[in-house]
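Sequences listed follow chains A and B, in order. Mapping the first sequence onto the numbering used here, position 96 (from 1) lands on 1326, and the numbers just tick up by one. Mapping the second sequence onto the numbering used here, position 90 (from 1) lands on 1320, and the numbers just tick up by one. For glycine and all other residues, C-beta sits at the position ideal for the given N, C-alpha and C. Quantities reported herein were computed from a predicted structural model and do not represent experimental measurements. Notes for the one structure printed next.
2 protein chains.
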Amino acid sequence: MSIQRKRVSPVKIVLSESQMPRQWYNLAADFRTPLLPPLGPDGKPVTPEMMSAIFPMNLIEQEMTSDRWVDIPDEILQILYRWRPSPLHRALALEELLDTPARIYYKNESVSPAGSHKLNTAIAQAYYNKIAGTKNITTETGAGQWGSALSYACTAMGLTCKVYMVKVSFEQKPFRKMLMQTWGGTCIASPSNLTNAGRAVLEKDPNCPGSLAIAISEAVEEAVADKTGKTKYALGSVLNHVMLHQTIIGQETKKQLELAGEKQADVVIACAGGGSNLAGLTFPFCKDKIEGDNIEIIAVEPESCPTLTRGPFAYDIGDMSGMTPLLPMYTLGHEFIPDPIHAGGLRYHGMAPLVSKAVADKLIEPRSIGQEECFDAAIKFARSEGIVPAPESSHALAMAMREAVKAKEEGKEKVIVFGLSGHGLLDLVGYDKYLSGNIKDHEPSPEQLARSLDCIKNFPKP
Amino acid sequence: MSIQRKRVSPVKIVLSESQMPRQWYNLAADFRTPLLPPLGPDGKPVTPEMMSAIFPMNLIEQEMTSDRWVDIPDEILQILYRWRPSPLHRALALEELLDTPARIYYKNESVSPAGSHKLNTAIAQAYYNKIAGTKNITTETGAGQWGSALSYACTAMGLTCKVYMVKVSFEQKPFRKMLMQTWGGTCIASPSNLTNAGRAVLEKDPNCPGSLAIAISEAVEEAVADKTGKTKYALGSVLNHVMLHQTIIGQETKKQLELAGEKQADVVIACAGGGSNLAGLTFPFCKDKIEGDNIEIIAVEPESCPTLTRGPFAYDIGDMSGMTPLLPMYTLGHEFIPDPIHAGGLRYHGMAPLVSKAVADKLIEPRSIGQEECFDAAIKFARSEGIVPAPESSHALAMAMREAVKAKEEGKEKVIVFGLSGHGLLDLVGYDKYLSGNIKDHEPSPEQLARSLDCIKNFPKP
């Protein structure tokens, strides 16, 4: 007995350029208690001056601002217009498949030229660097999503971009490297011979496969080494200003739900790695929740990297080697090495401080999910709605499907919204492995988690 | 001295679901002289009955209709709405780069889940097969665009899909195969052991790399062999009903230009392989041209496969082995083997009869362009507008850039529209080769072209 589906609005809800948000939303302004500051190696709060060696002052101001709304400069909007506002889709085919009374919507960030939400902050960071006089940006990348997005953003703003890509990914994922080069970026396998950090590693182990920690060290070293101040470093997640730049996603979604005739969302779901995709979709809904709306907001992480669900809230460094300040966040310890799951963007030991606080304050509920369930959901989605989701996005999707099944069991007409942060057209090897039965889940044992927290036991406590 | 760019409309012109065309346009109804019929091996016009072994009767009726407008069934619209209407973009960044007074627009078909225009007809063909009682569809694919689009379309309509993929592509382009499987299609390397045609080839040469001709033979054989009539064959280009299904592209474009405040397009440009992308964008403009509008409509083909610019208008078979009827078209001869350029979708010896007639009637002007110029244009486009174009689409882009430079030389404020038929995210190997200097052009010599026409000398003449 199939449910008669309400079809009151278009299946793809589009906004015009004039309906694009003109300000970013800063959740820090609405917390009931203040966000804890990042700390330097001496245990004292980091000052803007300390950060100015690697970031331009205008981004440092954004990092520290307590303003609720921050204007989006017109030059940034002009570029975002090329693919934004992004569509919100009603997942009618998926609803039918699940035979659920829930109405499922997904916000589609896969329409950006880079195929994910990462461009939203890449464009903003390249712009602020440009007006601050930066000529070159360095960064690191793991799977390559961030490095490719920043390559295009830098080219669009007339800057050079050098990306240190973890060597094992550089070799295994040649398409991301090609994409960076097509957009004018320079992609270097890390460890490299170009920096002291890289040379030191190669001296000990010429065949070292690299790590995100080494790549960060190389990128930061190159920025710091340029004493003219014309070379800066950029990060694709974790920091406050990165969360800020992504909040256009949730603001657009709220407008689109209104146009779809929905009074409010009941459940809002996004995957969380460093936190920027989650922040982008959910922070504007967190604001409504603070103001009294009854919304369930869910952060989904992989079972193999359960930062929010099994880690403590503590001070930890953002990388593995201490180039970053101590950040107040949920963490598995910076020495935690998650399983090499296909959702490379979710393999991070920590979590953005803003997201961590939203979780600690019970605005956002964290849940974890296994890789096999995610691939199963992704295949069902691809075969019904058409789009092949990124493995990261499939975590949000799988949780949305669980919620839709729950709504059926409860007989409730819930409105479920999830973030499709990107497409999986450059991740098809993972799909191939899943379809041929070669995907396995590995949850860390309690002992492994306890051991990996050893490395933070001497850090200050929040 | 930079030109002050008129910016009267959004950079991305979107249409709502309610503005989606409700009918396909059939250019055959507006030709001044009738289209010549396809001929059987006996030289007599092919009858619907002869085609019914491989196509359902409702599609055969569409193939032969002279109606000007054909209603689009609601069930097809409901699926097209998932990504349609597709956006029309004003290429402001490209205009600035070229410092041209021309206003350049591009119709973006890359937003479909399959990444190209192919889904428009795949969905329609799967639908008509479904209501005719078909359960299984077979097809062939070269580079894999068509096979992947049809895989999703069949799944969306509850049909099975079996794709015979040319073995050399099957091995060199594993991502397209993975995409088909993700969407539930079955992808078989051709020649295979599943058909008489395949077995015969393998017996002679077990290491045969395959060809489109062999793959067609295998797919058609499997459809014909199912005497229940439940297995049919589908083709992604060339035929009249395929052209018909793509005409929503141009109809949308005309509405979007109107919304952008443009009275008319001066130049409309699309690439042409089998002809369906070109037909989709340009046939609605051909109608305006027949009614007196002054529009330059340009078909762009590769110099290495110059069907329209250097081939005769003649009767030739559509494949290489005579499984199809004789079609009245421009052709290089069905034995012509073009260079293995990266724009695999443009490597076809013939051209759709509807497109061929439009060229013969001087509604459309054919031009050819080299691969290096196309990659150079594609890199410039990726670095300005952001989207990485498919190698096929870069032919239209490169020609649009030539026209924009010409407009500057003439000091004319022309409106130039080109079709971005798809993105190149699964074609990055071509970009990599170009950036490392490993792309060369090879035009066929006059002697080669003359030789390859030998094979059609005994066919009837149009």
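What number of angstroms, rounded off, separates the C-alpha of Pro1631 of chain A from the C-alpha of Val1659 of chain A? Indexing the first sequence from 1 puts residue 1631 of chain A at position 401. Indexing the first sequence from 1 puts residue 1659 of chain A at position 429. Going by the sequence as given, residue 1631 of chain A is Met instead of Pro. Those two C-alpha atoms are separated by around 24 Å.
Secondary structure at Tyr1255 of chain B, three-state DSSP: helix, strand or coil? Looking up residue 1255 of chain B in the second sequence gives position 25. Three-state result, Tyr1255 of chain B: strand.
Ile1188 of chain B versus chain A: which residues are under 7 Å apart at the beta carbon? It is not possible to answer for residue 1188 of chain B, since the shown part of chain B is limited to 1231 through 1692.
Assign Tyr1661 of chain B to one of three DSSP states: helix, strand, or coil. Counting from one through the second sequence, the residue named residue 1661 of chain B turns up at place 431. If DSSP states are grouped into helix, strand and coil, Tyr1661 of chain B belongs with the helices.
Extent of the continuous beta strand (DSSP E) to which Tyr1560 of chain B belongs: Position 330 of the second sequence, counting from 1, holds the residue named residue 1560 of chain B. Note, Tyr1560 of chain B: beta strand (DSSP E), 1556-1560.
Going straight from the alpha carbon of Phe1447 of chain B to that of Arg1406 of chain B, what length do you get? What you label residue 1447 of chain B is simply residue 217 of the second sequence in a count that begins at 1. What you label residue 1406 of chain B is simply residue 176 of the second sequence in a count that begins at 1. Checking the displayed sequence, the identity of residue 1447 of chain B turns out to be Ser instead of Phe. Counting only the Cα atoms, Arg1406 of chain B lies some 21 Å from Ser1447 of chain B.
CB of Val1530 of chain A within 7 Å of CB of Met1629 of chain A, strictly: Counting from 1 along the first sequence, the entry for residue 1530 of chain A is found at position 300. Counting from 1 along the first sequence, the entry for residue 1629 of chain A is found at position 399. In contact: Val1530 of chain A and Met1629 of chain A (Cβ atoms closer than 7 Å).
Neighbour flag for Met1250 of chain B against chain A, beta carbons, 7 Å: As a position in the second sequence, residue 1250 of chain B is number 20, starting the count at 1. Not closer than 7 Å to any Cβ of chain A, the Cβ of Met1250 of chain B fails to qualify, so no.
Check whether the Cβ of Phe1405 of chain B lies closer than 7 Å to any Cβ atom in chain A. One-based indexing of the second sequence puts residue 1405 of chain B at position 175. Interface residue, yes.
Using the beta-carbon of each residue, which ones in chain A are nearer than 9 Å to Pro1240 of chain B? Residue mapping note: residue 1240 of chain B aligns to position 10 of the second sequence, counting from 1. Taking a Cβ-Cβ cut-off of 9 Å, the neighbours of Pro1240 of chain B in chain A comprise Ser1246, Glu1247, Ser1248, Tyr1311, given in sequence order.
Determine whether the Cβ of Asp1304 of chain B lies closer than 7 Å to any Cβ atom of chain A. Taking the second sequence and counting its residues from 1, one reaches residue 1304 of chain B at position 74. With 7 Å as the cut-off, Asp1304 of chain B does not count as an interface residue toward chain A.
How would you call Trp1413 of chain B, buried or exposed, if buried means at least 16 neighbouring beta carbons within 10 angstroms? For the purposes of this step, residue 1413 of chain B is taken as the residue at position 183 of the second sequence. Looking at its Cβ environment, which holds 16 or more other Cβ atoms inside 10 Å, Trp1413 of chain B is buried.
Establish whether the CB of Met1231 of chain B and some CB of chain A are separated by less than 7 Å. Taking the second sequence and counting its residues from 1, the one referred to as residue 1231 of chain B is at position 1. Reliability fails at Met1231 of chain B, whose pLDDT of 41 lies under 50, so the model's placement of it is uncertain and the value that follows must be treated cautiously. It does not: the Cβ of Met1231 of chain B has no partner Cβ on chain A nearer than 7 Å.
Interface partners of Arg1613 of chain A on chain B, CB under 7 Å: On the first sequence, position 383 is the one that residue 1613 of chain A refers to. Those within 7 Å of Arg1613 of chain A in chain B are Thr1385, Trp1413, Gly1414.
Are the segment 1555-1571 of chain A and the segment 1256-1274 of chain A in contact at 8 Å, needing three or more beta carbon pairs? Flag = yes, the segment 1555-1571 of chain A and the segment 1256-1274 of chain A touch.
Which same chain residues end up closer than 8 Å to Leu1584 of chain B when comparing Cβ atoms and leaving out the 5 residues on each side of it in sequence? Here residue 1584 of chain B is taken as the residue at index 354 of the second sequence, counted from 1. Close CB contacts of Leu1584 of chain B within its chain, under the 8 Å cut and outside five residues either way in sequence, are with Leu1257, Ala1258, Leu1265, Asn1470, Met1473, Gly1505, Ala1509, Phe1513 (chain order).
Under the three-state DSSP convention, the category Thr1371 of chain A falls into: As a first step, residue 1371 of chain A must be located in the first sequence, where it is residue number 141. Strand at Thr1371 of chain A.
So with CB distances below 9 Å, who are the chain A contacts of Leu1655 of chain B? For the purposes of this step, residue 1655 of chain B is taken as the residue at position 425 of the second sequence. Going along chain A in sequence order, the residues near Leu1655 of chain B (Cβ under 9 Å) are Gly1345, Phe1405, Leu1409, His1653, Leu1655, Leu1656.
Looking only at its own chain, which residues have a Cβ that is under 8 Å from the Cβ of Thr1369 of chain B, when we skip the five neighbours before and after it? On the second sequence, residue 1369 of chain B is found 139 positions in, with the first residue counted as 1. For Thr1369 of chain B, where only same-chain residues beyond five positions count, the Cβ hits under 8 Å are Trp1376, Gly1377, Leu1380, Cys1391, Lys1392, Val1393, Tyr1394, Ala1449, Tyr1463, Ala1464, Leu1465, Gly1466.
Decide if the segment 1298-1311 of chain B is in contact with the segment 1604-1616 of chain B; the criterion is three or more beta carbon pairs, one per stretch, under 8 Å apart. By the Cβ criterion, the segment 1298-1311 of chain B is not in contact with the segment 1604-1616 of chain B, since fewer than three pairs of Cβ atoms, one from each stretch, lie closer than 8 Å.
Under three-state DSSP, which class holds Ile1520 of chain B? By one-based count along the second sequence, residue 1520 of chain B stands at place 290. Under the three-state reduction of DSSP output, Ile1520 of chain B falls in the helix class.
What does Thr1416 of chain B pair with, by DSSP beta-bridge criteria? Looking up residue 1416 of chain B in the second sequence gives position 186. Answer is B:Lys1392.
Go through its chain and collect everything with a Cβ distance to Met1281 of chain A's Cβ below 6 Å, but skip five positions before and after it. Taking the first sequence and counting its residues from 1, one reaches residue 1281 of chain A at position 51. Same-chain partners within the cutoff: Ile1290.
When you compare each of B:Pro1619, B:Leu1424, B:Lys1242 to Leu1322 of chain B by their alpha carbons, which one comes out closest? Position 92 of the second sequence, counted from the first residue, corresponds to residue 1322 of chain B. Per the Cα distances, B:Lys1242.
Beta-carbon gap between Ala1500 of chain A and Ala1626 of chain A smaller than 7 Å: Position 270 of the first sequence, counting from 1, holds the residue named residue 1500 of chain A. Position 396 of the first sequence, counting from 1, holds the residue named residue 1626 of chain A. In this structure, Ala1626 of chain A lies closer than 7 Å to Ala1500 of chain A by Cβ.
Counterpart residues of Thr1461 of chain A in DSSP-defined beta bridges: Your numbering for residue 1461 of chain A matches position 231 in the first sequence. In DSSP, Thr1461 of chain A forms a bridge with A:Asn1366.
Closest to Leu1245 of chain A by CA distance: which of A:Lys1274, A:Asn1359, A:Leu1487, A:Glu1433 is it? Taking the first sequence and counting its residues from 1, the one referred to as residue 1245 of chain A is at position 15. Measuring C-alpha to C-alpha distances from Leu1245 of chain A to each of A:Lys1274, A:Asn1359, A:Leu1487, A:Glu1433 identifies A:Leu1487 as the nearest.
Helix, strand or coil for Phe1285 of chain B? Go by DSSP, reduced to three states. By 1-based counting over the second sequence, the position of residue 1285 of chain B is 55. Phe1285 of chain B carries a coil assignment under DSSP once its states are collapsed to helix, strand and coil.
Buried versus exposed call for Thr1477 of chain A [16 or more other C-beta atoms within 10 Å across all chains shown]: Start at 1 with the first residue of the first sequence, and residue 1477 of chain A comes out as number 247. With 16 or more other Cβ atoms within 10 Å, it is buried.
At 8 Å on the CB atoms, spell out the chain A contacts of His1319 of chain B, in chain order. The residue given as residue 1319 of chain B occupies position 89 in the second sequence. Those within 8 Å of His1319 of chain B in chain A are Arg1312.
First and last residue of the uninterrupted alpha helix (DSSP H) at Leu1650 of chain A: The residue given as residue 1650 of chain A occupies position 420 in the first sequence. Unbroken run through Leu1650 of chain A is the beta strand (DSSP E), 1645-1650; no alpha helix (DSSP H).
Alpha carbon to alpha carbon, how far is Ile1284 of chain A from Arg1540 of chain B? Residue numbering aside, residue 1284 of chain A sits at position 54 when the first sequence is read from its first letter. Residue numbering aside, residue 1540 of chain B sits at position 310 when the second sequence is read from its first letter. Taking the straight line joining both Cα atoms gives about 58 Å.
Might you give, ordered along the chain, the residues of its own chain that have their beta carbon closer than 6 Å to the beta carbon of Met1231 of chain A, omitting 5 neighbours on each side? Counted from its first residue, the first sequence places residue 1231 of chain A at position 1. Caution is warranted here: a pLDDT of 41 is assigned to Met1231 of chain A, below 50, making its placement in the model unreliable, and the coordinate value is therefore given only provisionally. For Met1231 of chain A, where only same-chain residues beyond five positions count, there are no Cβ hits under 6 Å.
Residues that Ile1547 of chain B bridges to, as DSSP identifies them: Looking up residue 1547 of chain B in the second sequence gives position 317. Answer by DSSP bridge pairing, in chain order: B:Leu1556.
According to DSSP, simplified to helix, strand and coil, what is Leu1683 of chain A? Reading the first sequence from its first residue, position 453 is the one you call residue 1683 of chain A. Coil at Leu1683 of chain A, not helix or strand.
Determine whether the Cβ of Asp1662 of chain B lies closer than 7 Å to any Cβ atom of chain A. Here residue 1662 of chain B is taken as the residue at index 432 of the second sequence, counted from 1. Closer than 7 Å to some Cβ of chain A, the Cβ of Asp1662 of chain B qualifies, so yes.
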